[in-house]
Structure formats: structure tokens, C-alpha cells
Amino acid sequence: MSEQAPEIVPGWETVIGLEVHAELATATKLFSGAPNRFGGEPNTNVDPVSLGLPGSLPVLNEQAVELAIRVGLALHCRVQPSVFARKNYFYPDMPKDFQISQYDLPINEEGWLELPDGRRVGIERAHLEEDTGKSTHVGGGGRIHEAGHSLVDYNRAGVPLIEIVGAPDLRSAEDARAYVSELRSILVSIGASDGKMEEGSMRVDCNVSVRPVGQAEFGTRCEIKNINSLRSLGRAIAYEARRQVDLVTSGERVEQQTRHWNEDEGRTHKLRSKEEAYDYRYFPEPDLVPVEPSDEWIGAVRDALPMLPRERRHRLAEVAGVDTSAAALTVERGMDDLAVDAIAAGADAARVLVHVENNLADGVGALDAAAFAALMAMEVGGDLTATQAKTVLAALVADGGDPAAVAASLGFEAMDSGELEAIVDGIIAENPDDWAAFTSGDEKERKKKSGFFVGQVMKATGGQADGRAVNEVLARRAAG
Amino acid sequence: MSPSAVEIAAAVRSGERSAREVLEEHLAAVDAREDEVHAFNLVLADEARAAADAVDAAVAAGTDPGPLAGVPVALKDNMCTRGVPTTCSSRILDGWRPPYDATVVERLTAAGAVAVGKTNLDEFAMGSSTENSAFGVTRNPLDPTKVPGGSSGGSAAAVAAGFVPLSLGSDTGGSIRQPAALCGVVGVKPTYGAVSRYGLVAFASSLDQIGPFSRTVADSALLLEAIGGHDPRDSTSIPDPAPDLTSVLDRGVEGMRIGIIEELSGDGLEGIAGDVRVRLGEAAAALEAAGATVETTSVPSTVYGLSAYYVIAPAEASSNLARYDGVRFGLRVDAPNAGDMNTATRTAGFGDEVKRRIMLGTYALSAGYYDAYYGKSQKVRTLIVRDFARAYEDFDLLLSPTAPTTAFPIGAKTADPMTMYLNDVCTIPSNLAGHPAMSVPFGLGDDGMPVGVQVLAPATGEATMFRAAAVLEAAAPAGHPLVGGALVGGAPTGGAS
Numbered sequence: 005m006s007e008q009a010p011e012i013v014p015g016w017e018t019v020i021g022l023e024v025h026a027e028l029a030t031a032t033k034l035f036s037g038a039p040n041r042f043g044g045e046p047n048t049n050v051d052p053v054s055l056g057l058p059g060s061l062p063v064l065n066e067q068a069v070e071l072a073i074r075v076g077l078a079l080h081c082r083v084q085p086s087v088f089a090r091k092n093y094f095y096p097d098m099p100k101d102f103q104i105s106q107y108d109l110p111i112n113e114e115g116w117l118e119l120p121d122g123r124r125v126g127i128e129r130a131h132l133e134e135d136t137g138k139s140t141h142v143g144g145g146g147r148i149h150e151a152g153h154s155l156v157d158y159n160r161a162g163v164p165l166i167e168i169v170g171a172p173d174l175r176s177a178e179d180a181r182a183y184v185s186e187l188r189s190i191l192v193s194i195g196a197s198d199g200k201m202e203e204g205s206m207r208v209d210c211n212v213s214v215r216p217v218g219q220a221e222f223g224t225r226c227e228i229k230n231i232n233s234l235r236s237l238g239r240a241i242a243y244e245a246r247r248q249v250d251l252v253t254s255g256e257r258v259e260q261q262t263r264h265w266n267e268d269e270g271r272t273h274k275l276r277s278k279e280e281a282y283d284y285r286y287f288p289e290p291d292l293v294p295v296e297p298s299d300e301w302i303g304a305v306r307d308a309l310p311m312l313p314r315e316r317r318h319r320l321a322e323v324a325g326v327d328t329s330a331a332a333l334t335v336e337r338g339m340d341d342l343a344v345d346a347i348a349a350g351a352d353a354a355r356v357l358v359h360v361e362n363n364l365a366d367g368v369g370a371l372d373a374a375a376f377a378a379l380m381a382m383e384v385g386g387d388l389t390a391t392q393a394k395t396v397l398a399a400l401v402a403d404g405g406d407p408a409a410v411a412a413s414l415g416f417e418a419m420d421s422g423e424l425e426a427i428v429d430g431i432i433a434e435n436p437d438d439w440a441a442f443t444s445g446d447e448k449e450r451k452k453k454s455g456f457f458v459g460q461v462m463k464a465t466g467g468q469a470d471g472r473a474v475n476e477v478l479a480r481r482a483a484g
Numbered sequence: 205m206s207p208s209a210v211e212i213a214a215a216v217r218s219g220e221r222s223a224r225e226v227l228e229e230h231l232a233a234v235d236a237r238e239d240e241v242h243a244f245n246l247v248l249a250d251e252a253r254a255a256a257d258a259v260d261a262a263v264a265a266g267t268d269p270g271p272l273a274g275v276p277v278a279l280k281d282n283m284c285t286r287g288v289p290t291t292c293s294s295r296i297l298d299g300w301r302p303p304y305d306a307t308v309v310e311r312l313t314a315a316g317a318v319a320v321g322k323t324n325l326d327e328f329a330m331g332s333s334t335e336n337s338a339f340g341v342t343r344n345p346l347d348p349t350k351v352p353g354g355s356s357g358g359s360a361a362a363v364a365a366g367f368v369p370l371s372l373g374s375d376t377g378g379s380i381r382q383p384a385a386l387c388g389v390v391g392v393k394p395t396y397g398a399v400s401r402y403g404l405v406a407f408a409s410s411l412d413q414i415g416p417f418s419r420t421v422a423d424s425a426l427l428l429e430a431i432g433g434h435d436p437r438d439s440t441s442i443p444d445p446a447p448d449l450t451s452v453l454d455r456g457v458e459g460m461r462i463g464i465i466e467e468l469s470g471d472g473l474e475g476i477a478g479d480v481r482v483r484l485g486e487a488a489a490a491l492e493a494a495g496a497t498v499e500t501t502s503v504p505s506t507v508y509g510l511s512a513y514y515v516i517a518p519a520e521a522s523s524n525l526a527r528y529d530g531v532r533f534g535l536r537v538d539a540p541n542a543g544d545m546n547t548a549t550r551t552a553g554f555g556d557e558v559k560r561r562i563m564l565g566t567y568a569l570s571a572g573y574y575d576a577y578y579g580k581s582q583k584v585r586t587l588i589v590r591d592f593a594r595a596y597e598d599f600d601l602l603l604s605p606t607a608p609t610t611a612f613p614i615g616a617k618t619a620d621p622m623t624m625y626l627n628d629v630c631t632i633p634s635n636l637a638g639h640p641a642m643s644v645p646f647g648l649g650d651d652g653m654p655v656g657v658q659v660l661a662p663a664t665g666e667a668t669m670f671r672a673a674a675v676l677e678a679a680a681p682a683g684h685p686l687v688g689g690a691l692v693g694g695a696p697t698g699g700a701s
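Residue numbers (the numbering used here), protein chains in the order written: chain A, 5 to 484; chain B, 205 to 701.
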């Protein structure tokens, strides 16, 4: 990605790479038959394996592998034979005091994700690992080292995660939010995850560094944890970029750290430095065998993939004759099938996208493509004004039906062109100063007064007039 | 001499003897000598009586209780038993009762066996003498001043003392075969993956394997058939049913090619005692006499096995034993915060040898040392696999001593860990390769204590291995007169063949 990004601090470029953990939507945990279910009484979705009891052994969940392959294919990764490894560190909510993850041989490597505007962000890897439990530290401000006691819920322990490591290709908070939104759309569309950041089923760690614009080398990065919403993501990046620029410009050095985002305070604070980082002592998990999905399996998963958001954007953009950014909202709302079908049935593409954007935020309800297309034809043909079309559209969403019949039942009839010209002429006569301004030759004035006259005509017709037709009459009169 | 498992199962299945009667005889034997031997951490007399009565009820109802009908079995105390303490002979598991049975325990029950207790071991199976137990040493029933070997010393002693005809041990670097040799009984480490590890408390996952102890080769075959075969709960389990062993035992070794591993048997290796070498030579001669061709061969990288093992096994152990943190089960020593509680619990709960290996393993996996230690050891492991594969191009089986010496006095090797570790020099290569190997008693050493001969086979070569073991058993010089003990208060039927 090379386009100019908005600078958080002028003269400085922010470099961002995201690590996203998403819980996979499996029926059971990654290595046991305990249910993978959000909520529930603490320590009820557990079994010997997910509690890490002595003698228990992990058995890989095939469904989790399939979902991971889906993610890999959707992110254009190389899906490859992989090996699980143990990541060793002590923490009370990690039952075995090691996490089974993937290290040097992840299941998916080297892919990319395309943002709505067409820019591509590199995906370094997307690997499988197990989730931890959840600790609640009681007393001492909720921090483990000061707490009076801690409670641990292992319901989440062993839930399958896909960790998606993005390349440091992002350059702004907007980029980062767009990336996470797109990733979430992909994960949801392929059924891999429900992508709910608020329930923690999708979690974002953010690596941020800064460098003077034009500098090739990366600055020293910090990793920010505890980002729980897209809004936090943007705020945390902006805060962290400014903090780092302030350090460098005041002659200090950015230390490589892991930092914690505090949403209430709106700032990050240091968790640990590089020197204090854990030595995870990774080694291959001896209780599991390598995962070697066959080409047939990978092919079958590929064939079963639904159309992805990117493909939907490109399809709609092509059909509608717009760029992919303009198609993004319709795709995000899941209305691109409707839009494509309506356009194929003859609807005006620009009007379709405008109505989706402005008038269908709450869903399409009973609206179908044929009715949508018919309505657009009425609007473009001048049988309905834009305002009337909006009213009819709302009725179609609510109850369905034939747009012409709905329009008729609402008393919307096309205004006779002679009738409209008479009304326009009357209003011109009543407002000579405004008309003089309209015809003065000043483009700004003309635009302003155009709005005035259309408004007056609307008032006079009770909204029945078509704004475009009014403008046409005005133009003809001005031309003499 | 108490009856064999084969004899007991046949008698119980036919209704000739009751499982309860068999059990009471064995419990009486336990009562008579357990205080002296200390084979058990826990004797499950009441549970065993209930199990025996269930077997008898099945027989009375005309149902076959299974191939191990009424056979008393002892379990090494690192195998999970539902609701019954499972300690690994460690303080750190204080009070823990597993909520589930190990696969082997389920299979024993399904086969009609009667579990009589949990046997002592070196803490977390780390040791070669059963002196590293938090609950005291186990003594060799043939000479109580001597060790029974380890780490499955309790299981070996229980069979040697006649407490049970069968027991289960686990073998990570020789922990079944070495105590079998030192106690004068048969001990088998099956192919890695032949017996499910589900419910076996892990020491070193890539090396651990459960296997039988018995006085006769046929009894071990019977037990291995009952516990072996695929288990979907162990990802490293071989996807095949247990091989048929009992019906091939009498097929002999006619035409087999057997190689004596030079590096583990003769002048190539320091510390193999003269009397052990003599017995090995006699065993080779016996196999030759039975129609095999026997010659010395080289498996060069086996000499590095011990070094590689003492990196790989501690590395895996350092990770496997991390979960004993005081949070969920077992011992907890309270402290002001979670981290200090972990430290206090582990400091109090683990013994010295366990701590030593956790430290060794943690070091070997550390950033900057991984390649030099763990990485290099894995390369050695690959070499050993390759060298064995070459040897098995020319030979059906390999032969070596099981242990360098006969049983040594209690306390003789506790001061120097390296001396202790050398006990496993002959047995470790099979664990590193994942191959089966077994120890067969073959006469006595100069001190009158048993000598074991090790038969090694390629992966899944158990059937061939057992055929050779049966030949050695039949040809063996007289064993120790106390092996199998003497039943107290009951009339033994028959002998151990």
C-alpha cells in the first residue's frame, strides 16, 4: 500500500500491523469434546482435557481445522502441512501452564486481504491455537499481583482460535479500522466466527511504530493489548502514535514494549518491556501429530466457500459502473444481491446505490429485486418524485407489493408537464429578485436559488413535483 | 509359587475357581510382606473385592467376564483411576482424585481383571531405583537390602513378590524393563502408540509408553492384548487393533536373524558387568540352539542415546509438569499472590530429582540454547532411528543386556545422578526410536540376583519379539527361588510353567 495516508502527526508516518484473534465457531473445543459456548455458569463447559488434568491428552477437532482452512483460503494464503507447538508460560487461567499453538509451521501462510478501496494488506500467517480461561482478580484494583484472591473460569479454555497476523502495511487509524471491518466481514461470511468484538470472540492486538515521512526503516514498535472495539482501536493508535512522536522529537528513544490500552483514561501504559518479555520455550507438541490436510479436502473446502465480500464488491462495482469503494456499503449491508438483480432488471444503478445508502439502513424487508427495479423505473421516468419514491420504497420494505399499485394507493400521480410549468412560472413571477439572482450568471447564486425555487415548487405542490423536472423548467426559462 | 494369569483366567472363566478366592489369596500375600517390600502406595482391597464379586456374578450368570477374568492386577500410581487417589508418588498431587479412568484401566476392567492397588514409583517416573518416591523406597522382594529398579519399581516388586501375577508400568527410558530385570520378572515396553497413554500422567510424552510386568512371557502377551489397540483419545495411538500375541508364542525362532548390539553389550560400553555379559552370551547361544542365526552388529548412534534422552525427556517434563501450580488440584501452599503461590507450591511439592529435571529441561528449551541442546538431541534421535532401520535390514531382532548390573544396594547410587542415569543406557534407545523391547529373566548374576536380557524389535514387531522371548524363557537357567513368592493361606494350583 503506497497511497498517501492522513498523518496523525504532520511529518510523521504511523506504521501499523494487527494481530487478530478470532474464536472459531465450532461445536466443541479445539482439543476435546467440551462445548464451545459463550456464557454459562463458570466452569461448566469443561472436561479433563480443557482443565488440563494430569493424564489428559489433546485430540484435534477436525471442524476447527476445516474452519482454519476456510480462513486461509479466504485470505489467499498458502494452506500447508502444519505442526502444533507448546508455548510455555505460567498463568492461572491457562490450565496446563502452556498454550498449544502453532509456531514455525502454521497452517496458513502468506496471503492478503483487500480493503474496500482496492488496496491490499499482507497476511503473514493465520494459525490455530487454543484460548485461555478468564481470571477475575478480586481486590487490589483488579491486577493479579495485588489481588486479594483470584477466580478463574475455564469455560473459554481450549476454545479454538485463529490468530491472523497482518503485515505492517497499515498507515492510519482509518486503515486499521477498515482492515478489521473487512476481516470481520470475511470471517462472518465464511461461517468461521461470529466476529463479535464486544463478546471477545474477536480480539485485536495492535503493533504501532512511527517514522519521519520518507524514512525507509521502521521505528521501534510497541504492541497494544486490550482493544475491545473499533473505536478503541482508532483512539489507541492515535494516542500511541503521538506518544511515540513526542518521545522521539524530545530526544528520547521508543522502547520496545507491550502496552495496555485503558479505554477510560484514553491512554496506553506499559505492561512489560522487551527485556521482561517471556521466553516461551516453544517446542513441538508431542501429544499431537502433524496436520496434513489432503489436496482433496482443501479443494472441497475451496469449492464450498461462499462469495467473499471482495468478490461481491467487484461484482457490484462492475455491474453498477462505480468503483469498489462506492459498492462497499451495499455489500457490507448484505444488499448487493438485491442491487445486482435490480440493476440487471433495468434499474438505474446510481439510484439503487443511493436508495440502499440512504433509505435501506434498517434492512430490505419484503422488498425484492423486481419491485425495486420497477420503482426505480418509475422514479427515473418521472412518474414519481425522489421523495415519493422513498415513501413507496418504505412501503415495499414493510409490506411488499407492486410499486405502481402502492404509489397509486398513496395518491402519488405524475404531474402533467404543462401543469408544472405553470406553477414554476407563477413562482418566478412572485419572486423577481430571486429570479434575477438565478439568472445573474454567478454559478454560486444560481445553485443557491435553484434550491430556493425547487423548494417553493415543492411547497406549492405538496411534494408532488419532481425536483429534476423543476430544474429543467428553470433552465429552459433562464435560457429564454 | 502362585498361579499365572493365564491359569487364573482359565480357572475363573470355567467356574473352577472364584475370582474372590483368587483375590483373597493374593491379598493375603500382600498382607504378609507388603510392610517389608512397600510395593504399593495404596491397596484397594474393598474395591477389588467388589470387582472380583462382579466377575463371579458374571460367570454365574453365564457371561464371559473376559480374557483376564479374575486376574489381580496392580497399577503404577501414575495411571488415573476414577475417584481413587493418583499420586505419581509426589506430594504435589496431594489429595487429588481423578474424575476419570485411564484407557488402560477401562480396558482392564472390560477384560475382567481386578485392580488391587496403586504401586510405588520414582516421583513422576523419574528415576531408576524407586528411591525418589515421596512415600518411601520400595525394596527388592528378592533381597530387601537392594533396590527393585525403577521407576516402575512397585509394579515390578509386586509381581516378583507374588502379590499379583500382573501389573502395569510405564517406560520412558527403561522404567519397565530395568526393574523387570532387577526383580527377575518379564517386562515389556510396547511400540510407541501401541497402548493408549490417555490417563497416564505424562513424564515425557514422546517417550512414555505403558506396558506389562508378569512372571511369564505368556502372561505379558495376554495383558498386552487386553490393553493394546487404537484409542481415539490418544492422537499418537496406532490406528490398528492390538496384535495377536498369545497364539504365536510357541512358533520359535527357527530361521530368525538376531543381532547382538555391540555398543550396548560388550567392550564398547563401560559398566556392563561381567556376569551380565556371560548371561547375554548364554541367551544368544540358546537362540542359536533354537534355530536362529545370531551375530554381533553395530548400531553406532545408540551410544549417544543417554545424552539425547537427558535433554529430550527433561525438556518435555519441564512443560508437562508446569500444570502442577496449585491452582486447580493437588497441593497448594498459600502465598500473598498467584505467582508466589505457584513457587511455594512447587517448591514444597516436588522432590529433588523432579526439580533437577525441570531445571535441565527448562534450560535446554531456553532461547539461545534450544538449537544446541533440544535441536541437537532431536538430530541424535533421528540418527538412532536411522541406525536401527539399517540394522533391521539385516536382522529380525536385536539383543542386549537390559541393565548393566544386577540390583544394587539401596542408597548406593543416590549421591551421583549420573551413575543412576547410566542404568538406562541399554533401554533408552528403544524409547527414542519408539520401538518395542522387553526384558526376559535369564538366570542369575554372581550375587545370586536376577539378570535380564533385552530383546529389541522394530516398530510393531511385538509378535516376533515375543516368540524370541518365549524361547529364552524356556531355555533360561534357574531363576531366583523367591520370584513369585509363596501364597499364604491358600493352596496354589499349578506353577508358573
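Ideal Cβ placement from N, Cα and C applies to all residues, glycine included.
The structure presented is a predicted model; accordingly, all values stated were derived computationally and were not measured.
Are the beta-carbon atoms of residue 620 of chain B and residue 94 of chain A separated by less than 9 Å? no
Would you list, in sequence order, the uninterrupted beta strand (DSSP E) runs of no fewer than 3 residues that lie entirely inside the region 180 to 251 of chain A? 206 to 216 and 226 to 231
Quick check on this structure: which residue in A:107, A:473 and A:85 has the alpha carbon closest to the alpha carbon of residue 459 of chain A? A:473
My guess is that residue 152 of chain A and residue 163 of chain A are in contact by the Cβ rule of under 8 Å, so how many angstroms apart are they, rounded? The Cβ separation is near 28 Å, so there is no contact.
Determine the DSSP secondary structure at residue 500 of chain B, reduced to helix, strand or coil. Three-state result, residue 500 of chain B: strand.
Exposed or buried, what is residue 414 of chain A when buried is set at 16 or more other beta-carbons lying within 10 Å of its beta-carbon? exposed
By Cβ distance below 6 Å, which residues in the same chain neighbour residue 304 of chain A in space, the five residues on each side in sequence not counted? none
Same chain, Cβ closer than 7 Å to residue 639 of chain B, five either side skipped, listed in chain order: 395, 592, 660, 661, 662 and 663
For residue 73 of chain A, the three-state DSSP class (helix, strand or coil): helix
May I have a chain-ordered list of the alpha helix (DSSP H) segments no shorter than 4 residues that lie completely inside the region 241 to 319 of chain A? 299 to 308
Cβ of residue 533 of chain B within 9 Å of any chain A Cβ: yes
Buried or exposed: residue 219 of chain A, going by 16 or more other Cβ atoms within 10 Å of its Cβ? exposed
So, at 6 Å on beta carbons, what are the nonlocal neighbours of residue 569 of chain B in its own chain, with the 5 sequence-adjacent residues on each side left out? 519 and 578
With distances taken from CA atoms, which of B:598, B:508, B:552 and B:465 is nearest residue 583 of chain B? B:508
What are the uninterrupted segments assigned as alpha helix (DSSP H) that are 4 or more residues long and contained completely in the region 530 to 573 of chain B, given in chain order? 542 to 553 and 556 to 568
In chain order, each beta strand (DSSP E) run of at least 3 residues that lies wholly inside the region 428 to 513 of chain B: 461 to 465 and 497 to 501
Measure from the C-beta of residue 34 of chain A to each C-beta in chain B and report whether the shortest distance is under 9 Å. Chain B, which has no Cβ nearer than 9 Å to the Cβ of residue 34 of chain A, makes this no.
Within 10 Å of its beta-carbon, does residue 367 of chain A have 16 or more other beta-carbons around it, so buried, or fewer, so exposed? Exposed is the label assigned to residue 367 of chain A, since fewer than 16 other Cβ atoms lie within 10 Å of its Cβ.
Using the DSSP secondary-structure output, state which residues sit across from residue 344 of chain B in a beta bridge. B:347
Establish whether the CB of residue 541 of chain B and some CB of chain A are separated by less than 9 Å. yes
Of all the options B:672, B:420 and B:317, which has the alpha carbon lying nearest to the alpha carbon of residue 489 of chain B? Relative to the Cα of residue 489 of chain B, the nearest Cα in the group B:672, B:420 and B:317 belongs to B:672.
Could you have a look at residue 3 of chain A and say whether DSSP puts it in helix, strand or coil? There is simply no residue 3 of chain A to check, as chain A begins at 5 and stops at 484 in what is shown.
Step through the CB atoms of chain B and report whether any lies within less than 9 Å of the CB of residue 293 of chain A. yes
Return helix, strand or coil for residue 586 of chain B, following the three-state DSSP convention. helix
Secondary structure at residue 278 of chain B, three-state DSSP: helix, strand or coil? The answer is strand: DSSP assigns residue 278 of chain B an E or B state.
The region 51 to 64 of chain A: positions lying closer than 8 Å to chain B by Cβ: 52, 55, 56, 57, 58, 59, 60, 61, 62, 63 and 64
Report the three-state DSSP secondary structure of residue 410 of chain B (helix, strand or coil). coil
Listed in chain order, which residues of the region 297 to 324 of chain A have Cβ atoms closer than 9 Å to some Cβ of chain B? Nothing from the region 297 to 324 of chain A brings a Cβ to less than 9 Å from some Cβ of chain B.
Helix, strand or coil: which one does DSSP assign to residue 695 of chain B? For residue 695 of chain B, the predicted model reports a pLDDT of 39, less than 50, meaning its position is unreliable and no value from the coordinates is stated.
So, are the CB atoms of residue 502 of chain B and residue 590 of chain B less than 9 Å apart? no
Is the CB of residue 108 of chain A under 9 Å away from at least one CB in chain B? no
Examine chain A for any beta-carbon lying closer than 9 Å to the beta-carbon of residue 546 of chain B, and answer yes or no. Proximity of residue 546 of chain B to chain A, defined by a Cβ-Cβ separation below 9 Å, is satisfied.
With DSSP collapsed to three states, give me the class of residue 129 of chain A. Strand.
Using the rule of at least 16 other Cβ atoms within 10 Å of the residue's Cβ for burial, across every protein chain shown, is residue 347 of chain A buried or exposed? Burial call: buried.
Just reading off the alpha helix (DSSP H) that residue 235 of chain B is part of, what are its end residues? 223 to 241
Please report the distance separating the alpha-carbon of residue 524 of chain B from that of residue 92 of chain A. 10 Å
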